[in-house]
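Heads up, the thing below is written out as structure tokens.
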Amino acid sequence: MDAWIDESIRTVGEPMYLLGASITSPESYDTAAEVLTRFAPRGNKLHWRDLGEAGKKPVIDAIPELCLHHVVVIGAPMIDIRQERARGRCFERLLWELDQAGVTKVVFESRTPHQDRTDRRRVDGLRGRGVITGELRAEWRRGAEEPLLWAPDIVLGALGDARVAGTELDARVAASIQEIVISL
-5 MDAWIDESIR TVGEPMYLLG ASITSPESYD TAAEVLTRFA PRGNKLHWRD
45 LGEAGKKPVI DAIPELCLHH VVVIGAPMID IRQERARGRC FERLLWELDQ
95 AGVTKVVFES RTPHQDRTDR RRVDGLRGRG VITGELRAEW RRGAEEPLLW
145 APDIVLGALG DARVAGTELD ARVAASIQEI VISL
């Protein structure tokens, strides 16, 4: 199984850091990528915050069609803690969960070269401490080039919006999410 990982940060209401993975089998990759690409602006990635209210509903309606399982680690409250520290805490828990679930490849959305190096060191450190096995491989790809990275962006965006607004997430999407809250 493969997992596609993205992040989201909420500063309104209770500040929180969300790190999430959308898990797929290699056999379902093409179908999921095709569905997600239908919604992307030509030549750009699909990004939740750029959709606007009218654009969000059809994308959310398509998420259950992808048949993906999502694991989301929410670090909260993100008070008196830097974003990278919050990421590190969520990163460890998420990779442990994915490794335990039998995921063998994780693909992170690439950030800056410095941040990607930091993440590579995190992966190496988790292996060295025995938190994850050597079976779990990690890669970094640009968001605009990898449609499956858009799935966790959508799920995190919708979940983050629902938590900030104090509303329920669409039940069809919520049913596919394993939500883990850790204290920062």
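Take -5 as the starting number for the sequence shown in this note's numbering and just add one per residue. We treat Cβ as the ideally placed atom computed from N, Cα and C, and that holds for glycine.
Shown here for D0: same chain residues with a beta carbon closer than 7 Å to its own, the five before and five after excluded, namely G14, E103, L143, P146, D147, L150 in chain order. The alpha-carbon of E133 is positioned some 32 Å away from that of E47.
DSSP places D(-4) inside the beta strand (DSSP E), whose first and last residues are -4 to 4.
Per DSSP, the beta-bridge partners of K99 are D(-4), R131. Under the three-state reduction of DSSP, S177 is assigned to strand. Assignment of beta-bridge partners to M72 by DSSP yields no partner. Between S170 and P52 a beta carbon distance of about 17 Å is seen, past the 8 Å cut, so the two are scored as non-contacting. In this structure, Y11 and R76 do not form a Cβ contact; the two beta carbons are roughly 10 Å apart against a cut-off of 8 Å. Rounded to whole angstroms, the Cβ separation of G69 and L163 is 18 Å, and the two are not in contact under 8 Å.
L120 is positioned such that its CB atom lies closer than 8 Å to that of L89. Around the C-beta of G154, 16 or more other C-beta atoms lie within 10 Å, and the residue is accordingly described as buried. Exclusion of the five residues before and after V167 leaves I54, I57, P58, V149, A152 as the residues of its chain whose Cβ lies within less than 7 Å of its Cβ. Burial check for H64: the Cβ neighbour count within 10 Å reaches 16 or more, so the residue is buried. For T161, the closest C-alpha among the options G96, G7, I174 is that of G7.
Counting along the chain, A15 sits inside the beta strand (DSSP E) bounded by residues 10 to 18.
When the five nearest sequence neighbours on each side are left out, the beta carbons in the same chain lying within less than 6 Å of the beta carbon of K99 are those of D(-4), R131, in order along the chain. The continuous alpha helix (DSSP H) containing K51 extends over residues 46 to 56. Rounded to the nearest whole angstrom, the CA to CA distance from I17 to D113 is 19 Å. Nearest Cα to T106 within the set L60, R136, D118: R136.
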